[in-house]
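K.L.:
The structure under discussion is supplied below as structure tokens; questions concerning it will follow.
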Amino acid sequence: MPPEMIPIDGEEKKRVCYFFDSDVSGFHYGPGHPMKPTRIRMCHSLVMNYGLYKRMEIFRAKPATKREMTQFHSDEYVEFLSRITPVNMNSFVKEQHKYNVGDDCPVFDGLFDYCAISAGGSMEGAARLSRDKCDIAVNWAGGLHHAKKSEASGFCYVNGMYIVLGILELLRYHQRVLYIDVDVHHGDGVEEAFYTTDRVMTVSFHKYGEFFPGTGELRDVGIGKGKYYALNFPLRDGITNENYKSVFEPVIRQVMESYDPGAVVLQCGTDSLSGDKLGCFNLSMRGHANCVKFVKSFNKPLLLVGGGGYTMRNVSRCWAYETGLAAGVELGKEIPMNEYYEYFGPDYELDVKSSNMDDMNSPEYLDRVKNIVLEHLRHVGGPPSVQMTDVPRMPVDEMVEDDPDEDMDDPNNRRPQRLLDSRRQADGELSDSDDEGEGGRRNQASHKGAGSPTSGRRFGAPVGIMSTGTTHGVGPSGAPPVAGAASAPAGGQTSAPEQTAMDIDDGSLLSQATKNTATPPASTNGTASAPLPKADGERPKHLGGLV
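The sequence shown begins at 1 in full-length UniProt numbering and counts up by one.
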């Protein structure tokens with residue numbers, strides 16, 4: 001019996017572009033690290049076996065280049081990422097400290113390749129939205145939102161800047177872009193990038209207090225021209241579907257009315273789900289997905305990206321369900337056979353339920369914060385006074401030059417097989433037992449610093465120019481996940497910043513959970529992936545312009 005897909009009544013059909021690269025699952029942060037790129041492939045397996053490939057175009061984005069990365073990050077930082085390996089890392093001790101690499105953001109085999117191949121989807125998705133080739137673009141491998149110009153942070157190396165570059169691409173065609181973040185952690189990297197401009201509004205709903213990254217208090221609203229164009233809604237532990245909806249919908253509705261963005265980027269971090277290893281919220285899968293459904297209802301060009309999420313079976317459930325919503329269908333509850341089927345037991349259902357944890361967000365607290373946020377929106381004026389001129393796709397001195405190697409690129413080229421063969425499936429990479437499930441969440445500071453020095457915060461709007469290549473249709477993924485076996489240094493913890501936001505009490509840190517070291521064997525059960533439609537796309541040769 002084919003898996004159930006129920007069309008959503010009354011919805012206009014949307015053109016959906018979905019980006020996936022099977023190589024992204026072949027990396028491993030290190031033993032015990034909660035970030036597991038295999039979650040992207042688990043989600044893709046559900047997407048394919050539910051049959052969603054019939055309702056959207058699927059692309060494999062070309063990996064990003066060094067040059068693209070240096071349009072936001074410093075040259076020295078990108079060069080460092082391209083050179084460091086587990087073998088030579090002892091020769092880069094000073095640089096690791098300088099760039100915050102080594103604890104939360106470990107050095108692992110293929111680090112630079114991971115950054116490159118997980119990045120292109122957001123840029124190419126934004127490009128296709130801008131050219132009216134789709135209505136919704138989906139890239140679950142994107143969305144890591146903590147990386148800074150010259151610093152890794154919160155499991156993010158450079159991927160945060162691909163949200164930034166995706167937004168910059170949208171700004172070539174739209175006067176204003178809205179960025180919404182529903183990750184349990186504050187979207188500090190993206191907010192920082194656009195803190196001084198009124199052409200991008202950032203809205204983040206997150207846990208605030210003694211919790212990574214320690215930023216995103218209520219009174220952080222932007223500076224200069226960007227004042228009141230950064231909105232933060234600090235939340236407490238245990239927020240439920242009903243309470244989240246009661247603040248998310250009125251705030252976003254007013255943002256849409258006051259700001260009237262030309263396009264929207266929605267960061268769908270799933271660590272806000274109930275039972276996440278590093279989260280502290282109590283949203284069900286459908287409560288989380290309501291954010292996607294609500295934002296989609298405004299019929300704006302929409303880029304959906306991933307983010308946090310550390311209980312892999314729940315991450316993949318949620319993103320697969322939200323992919324279905326983007327494509328105009330509600331997926332049936334019974335999970336179809338797939339290569340990771342055994343990890344969705346014992347119920348084998350497409351659902352993440354809320355728990356009975358206490359909600360520390362009182363109605364009075366939520367109303368008070370909501371009213372302040374809505375008051376901030378009263379200061380938002382009309383469209384920004386900028387002249388919308390076309391930005392050359394490449395510098396004048398390069399317009400007459402062709403890349404002699406570009407036409408020779410093999411669209412199906414991957415990392416050399418010798419590199420894949422040198423990897424081993426890391427023990428426990430597919431295990432959902434480490435600190436997962438009810439009562440199994442890990443103290444956030446175990447893997448992410450409990451805060452960041454407030455004195456070191458940097459704000460500024462980037463200028464982006466990037467050179468790029470083409471997109472190629474992908475075929476079905478048949479090979480099992482491959483992961484590196486490089487070990488990482490033990491995670492560290494930094495002190496939390498002092499709380500200064502209007503005397504809002506955000507509770508204490510979660511209790512430290514006992515680590516479960518059970519490591520079930522990798523799954524071999526499943527069905528072959530369904531064939532994918534071939535499609536060709538293109539991202540721009542260059543983009544640029546002041547924000």
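The beta carbon of each residue, even a glycine, is placed where N, CA and C say it ideally should be.
Apart from the five residues just before and just after V173, which ones in its own chain have a Cβ nearer than 6 Å to its Cβ?
P.N.:
Along the sequence shown, one-based indexing puts residue 173 at 173. One detail in the question is off: residue 173 reads as Tyr in this sequence, not Val. Around Y173: S130.
K.L.:
If I measure Cβ to Cβ from F459 and keep anything under 7 Å in the same chain, skipping five residues before and after, which residues do I get?
P.N.:
As a first step, residue 459 is located in the sequence shown; it is residue number 459 there, counting from the start. Confidence at F459 is low in this model, with a pLDDT of 27, below 50, so its placement is unreliable and no value can be given for it.
K.L.:
How should F9 be labelled, buried or exposed, when 16 other C-beta atoms within 10 angstroms of its C-beta is the threshold for buried?
P.N.:
For this step, residue 9 is matched to residue 9 along the sequence shown. The displayed chain sequence assigns Asp, not Phe, to residue 9. D9 comes out exposed.
K.L.:
Return the chain-ordered ranges of every alpha helix (DSSP H) run that is complete within the stretch 115–140 and spans a minimum of 4 residues.
P.N.:
Listed in chain order, the complete alpha helix (DSSP H) runs (minimum 4 residues) inside the stretch 115–140 are 120–130.
K.L.:
Smallest Cα separation from N243: which of K207, P3, D359, E375?
P.N.:
In the sequence shown, residue 243 corresponds to position 243, counting from 1. When only C-alpha atoms are compared, the closest one is D359.
K.L.:
Counting along the chain, where does the alpha helix (DSSP H) carrying C280 start and finish?
P.N.:
Residue 280 sits at position 280 when you count from the first residue of the sequence shown. Note, C280: premise wrong, no alpha helix (DSSP H); not H, not E.
K.L.:
Assign V87 to buried or exposed, taking buried as 16 or more other Cβ atoms, counted over all protein chains shown, within 10 Å of its Cβ.
P.N.:
The count along the sequence shown starts at 1 and reaches residue 87 at position 87. Exposed.
K.L.:
State the CB to CB distance for the pair V352 and S274, rounded to an integer number of angstroms; the pair is presumed to be in contact (CB under 8 Å).
P.N.:
Start at 1 with the first residue of the sequence shown, and residue 352 comes out as number 352. Start at 1 with the first residue of the sequence shown, and residue 274 comes out as number 274. Confirmed, about 6 Å.
K.L.:
Whole alpha helix (DSSP H) runs in the stretch 21–71 with 4 or more residues, listed along the chain?
P.N.:
38–49, 66–69
K.L.:
When you compare the CB positions of G238 and C280, do they come within less than 8 Å of one another, or not?
P.N.:
Counted from its first residue, the sequence shown places residue 238 at position 238. Counted from its first residue, the sequence shown places residue 280 at position 280. Yes, the pair counts as a contact, with Cβ atoms nearer than the cut-off.
K.L.:
Leaving out five residues before and five after Y321 in sequence, what residues of the same chain have Cβ atoms less than 7 Å from its Cβ?
P.N.:
Your numbering for residue 321 matches position 321 in the sequence shown. Here the set comprises M285, A289, L331, L350.
K.L.:
Which residues share a DSSP beta bridge with Q267?
P.N.:
Taking the sequence shown and counting its residues from 1, one reaches residue 267 at position 267. Paired residue(s): D181, V305.
K.L.:
By Cβ distance, which residues of its chain are closer than 6 Å to T348, with the 5 residues on each side in sequence left out?
P.N.:
For the purposes of this step, residue 348 is identified with residue 348 of the sequence shown, where counting begins at 1. The residue you asked about is not Thr; residue 348 is Tyr in the sequence shown. If we look at Y348 and ignore the five residues flanking it on each side, its Cβ neighbours are I335.
K.L.:
If you check the beta carbons only, do G125 and A137 fall under 8 Å apart?
P.N.:
Reading the sequence shown from its first residue, position 125 is the one you call residue 125. Reading the sequence shown from its first residue, position 137 is the one you call residue 137. Their beta carbons are under 8 Å apart, which means G125 touches A137 by this criterion.
K.L.:
How far does the alpha helix (DSSP H) with M360 in it extend, from its first residue to its last?
P.N.:
Counting from 1 along the sequence shown, the entry for residue 360 is found at position 360. Segment: none, M360 is in no alpha helix (DSSP H) and carries neither H nor E.
K.L.:
Can you tell me where the beta strand (DSSP E) with I6 in it begins and where it stops?
P.N.:
Sequence index remark: in the sequence shown, residue 6 carries index 6 (1-based). For I6, the enclosing beta strand (DSSP E) begins and ends at 5–7.
K.L.:
Would you check if the distance between the CB atom of M201 and the CB atom of V265 is smaller than 8 Å?
P.N.:
Residue 201 sits at position 201 when you count from the first residue of the sequence shown. Residue 265 sits at position 265 when you count from the first residue of the sequence shown. Their beta carbons are not under 8 Å apart, which means M201 does not touch V265 by this criterion.
K.L.:
Going by DSSP, name the residue or residues bridged to V16.
P.N.:
Against the sequence shown, residue 16 aligns to sequence position 16. Its beta-bridge partners are I136.
K.L.:
Note down the Cα distance separating V47 from C134, rounded to an integer number of angstroms.
P.N.:
Position 47 of the sequence shown holds residue 47. Position 134 of the sequence shown holds residue 134. The straight-line gap from Cα to Cα measures roughly 19 Å.
K.L.:
Whose C-beta lies closer than 6 Å to the C-beta of K229 among residues of the same chain, with five residues either side of it excluded?
P.N.:
Start at 1 with the first residue of the sequence shown, and residue 229 comes out as number 229. Here residue 229 turns out to be Tyr, not Lys, going by the sequence shown. Within the same chain, Y229 has close Cβ partners D198, M201, G222.
K.L.:
Beta carbon of M69, beta carbon of V78: below 8 Å?
P.N.:
In the sequence shown, residue 69 corresponds to position 69, counting from 1. In the sequence shown, residue 78 corresponds to position 78, counting from 1. Against a cut-off of 8 Å, the Cβ pair of V78 and M69 comes out as a contact.
K.L.:
Taking 8 Å as the cut-off, decide whether the C-beta atoms of V182 and C115 are in contact.
P.N.:
Taking the first residue of the sequence shown as position 1, residue 182 is located at position 182. Taking the first residue of the sequence shown as position 1, residue 115 is located at position 115. Not a contact, by the Cβ cut-off of 8 Å.
K.L.:
Residue range of the alpha helix (DSSP H) that V87 falls in?
P.N.:
The sequence position of residue 87 within the sequence shown is 87, counting from 1. Membership of V87 in any alpha helix (DSSP H) is not indicated, and neither H nor E is assigned to it by DSSP.
K.L.:
Where do the ends of the beta strand (DSSP E) carrying M201 lie?
P.N.:
Position 201 of the sequence shown, counting from 1, holds the residue named residue 201. From DSSP, the beta strand (DSSP E) with M201 extends over 200–207.
K.L.:
Beta strand (DSSP E) containing A248: first to last residue?
P.N.:
On the sequence shown, position 248 is the one that residue 248 refers to. Residue 248 is actually Phe in this sequence, not Ala. No beta strand (DSSP E) contains F248, which is instead part of the alpha helix (DSSP H) from 241–259.
K.L.:
Between V373 and the rest of its own chain, which residues show a CB-CB distance below 7 Å, the 5 nearest in sequence each way excluded?
P.N.:
Counting from one through the sequence shown, the residue named residue 373 turns up at place 373. Close CB contacts of V373 within its chain, under the 7 Å cut and outside five residues either way in sequence, are with L231, F233, V251 (chain order).
K.L.:
Are C43 and S316 close, meaning C-beta to C-beta below 8 Å?
P.N.:
As a first step, residue 43 is located in the sequence shown; it is residue number 43 there, counting from the start. As a first step, residue 316 is located in the sequence shown; it is residue number 316 there, counting from the start. Yes, the Cβ-Cβ distance between C43 and S316 is below 8 Å.
K.L.:
For G143, which residues in the same chain have their Cβ closer than 6 Å to its Cβ, ignoring the five residues on either side in sequence?
P.N.:
Position 143 of the sequence shown holds residue 143. For G143, where only same-chain residues beyond five positions count, the Cβ hits under 6 Å are Q267, V305, G306, G307.
K.L.:
Label M123 either buried or exposed according to how many other C-beta atoms from any shown protein chain fall within 10 Å of its C-beta, with 16 as the threshold for buried.
P.N.:
In the sequence shown, counting from the first residue as 1, residue 123 sits at position 123. Looking at its Cβ environment, which holds 16 or more other Cβ atoms inside 10 Å, M123 is buried.
K.L.:
Using a threshold of 8 Å, state whether the C-beta atoms of V184 and V164 are closer than that.
P.N.:
The residue labelled residue 184 in the question sits at position 184 within the sequence shown. The residue labelled residue 164 in the question sits at position 164 within the sequence shown. No, the pair does not count as a contact, with Cβ atoms beyond the cut-off.
K.L.:
Grouping DSSP H, G and I as helix and E and B as strand, with all else coil, what is residue 549?
P.N.:
Limits of the chain in this structure are 1 at one end and 547 at the other, which puts residue 549 out of reach.
K.L.:
Shortest alpha-carbon distance to S246 belongs to which of G214, L278, E364, L111?
P.N.:
As a position in the sequence shown, residue 246 is number 246, starting the count at 1. Cα-wise, what sits closest to S246 is E364.
K.L.:
Could you please give me the residues that DSSP links to A230 through a beta bridge?
P.N.:
For the purposes of this step, residue 230 is taken as the residue at position 230 of the sequence shown. BP columns for A230 point to T202.
K.L.:
Check for me: the beta strand (DSSP E) holding L331 runs from which residue to which?
P.N.:
Counting from one through the sequence shown, the residue named residue 331 turns up at place 331. Segment 329–331, the beta strand (DSSP E) holding L331.
K.L.:
Suppose you measure from the CA of F248 to the CA of G30; what does that come to, to the nearest Å?
P.N.:
Here the question's residue 248 lines up with position 248 in the sequence shown. Here the question's residue 30 lines up with position 30 in the sequence shown. Approximately 36 Å, taken between the alpha carbons.
K.L.:
Return the CA-CA distance between H33 and G381, expressed in angstroms with no decimal places.
P.N.:
Counting from one through the sequence shown, the residue named residue 33 turns up at place 33. Counting from one through the sequence shown, the residue named residue 381 turns up at place 381. Answer to the nearest angstrom: the Cα atoms are 44 Å apart.
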